[in-house]
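Sequential numbering of the sequence shown, starting at 1, is according to the working numbering.
Contents: one structure, followed by commentary.
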Amino acid sequence: MREIVVPILLWFSAVGCGLMAGLYFAFSTFIMGALGRIDQPSGIAAMNAINADILRSLFMPLFFGTTLVSAILAVVAVFLVGEAGSLAMLAGGIVYVVGMFVVTMIFNVPLNNALAAADRASSDAASLWARYLKEWTFWNHVRTIASTAACALFIAAIAAS
Numbered sequence: 001m002r003e004i005v006v007p008i009l010l011w012f013s014a015v016g017c018g019l020m021a022g023l024y025f026a027f028s029t030f031i032m033g034a035l036g037r038i039d040q041p042s043g044i045a046a047m048n049a050i051n052a053d054i055l056r057s058l059f060m061p062l063f064f065g066t067t068l069v070s071a072i073l074a075v076v077a078v079f080l081v082g083e084a085g086s087l088a089m090l091a092g093g094i095v096y097v098v099g100m101f102v103v104t105m106i107f108n109v110p111l112n113n114a115l116a117a118a119d120r121a122s123s124d125a126a127s128l129w130a131r132y133l134k135e136w137t138f139w140n141h142v143r144t145i146a147s148t149a150a151c152a153l154f155i156a157a158i159a160a161s
């Protein structure tokens, strides 16, 4: 049974991490830059619209599903220590859950909530938007790197099996 379930979970996580890495990469490399170059009220409105739509999209099941499966793989890897690919599986799970999920919950989501609550026409909105662009993008870089690294680690675990 384990010989069937673990590879399926590894493939799911590898693909999920890869998809997440691609999305975060797009935000890090050009979306946030483009939003930062348009006028502040429009940038805030666009980012708030993206954040609202993403919550109702297929992103959410992938976001939570990949996190759950990656956490399960990390736990399973503890019981498989010494077997081929187990350390890559453990590292992939930890890197993804901490570097993507925890970072998102602690840093990106509160920034999104603050932006959603802002009056985009107020004088405070300008400083919030400048801070948002800098801090949200920094933490998004972390999520991009973590998702990419976890994808590679899960692929390494598949290859070692």
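We put the CB at the ideal spot given by N, CA and C, even for glycine.
Here the structure is a predicted model, which means the values were calculated and not measured.
Taken atom to atom, the span from the alpha-carbon of residue 97 to that of residue 139 is near 14 Å.
Each residue's CA atom was taken as its position, placing residue 60 and residue 44 some 22 Å apart. The C-alpha of residue 154 is placed about 38 Å away from the C-alpha of residue 38.
The three-state reading of DSSP puts residue 6 in helix, counting H, G and I together. By the Cβ neighbour-count rule, residue 101 is buried, with 16 or more other Cβ atoms within 10 Å of its own. Cβ-Cβ distances below 7 Å link residue 47 to 35, 115 in the same chain, with the five nearest sequence neighbours on each side left out; the list follows chain order. When the Cα atoms are used, residue 63 and residue 25 turn out to be separated by approximately 15 Å. According to the DSSP assignment, residue 53 belongs to the alpha helix (DSSP H) that extends over 40 to 55. The shortest CA-to-CA distance from residue 12 to any of 161, 151, 160, 159 is the one to 151. For the 8 Å CB-CB criterion, residue 77 and residue 86 form a contact. In this structure, DSSP gives residue 119 a state outside helix and strand, which the three-state scheme calls coil.
Cβ contact annotation for residue 137 (same chain, cutoff 6 Å, sequence separation greater than five): 32, in chain order. Where residue 94 is concerned, the enclosing alpha helix (DSSP H) starts and stops at 86 to 96. The residue from 2, 8, 16, 6 with its alpha-carbon nearest to that of residue 144 is 16.
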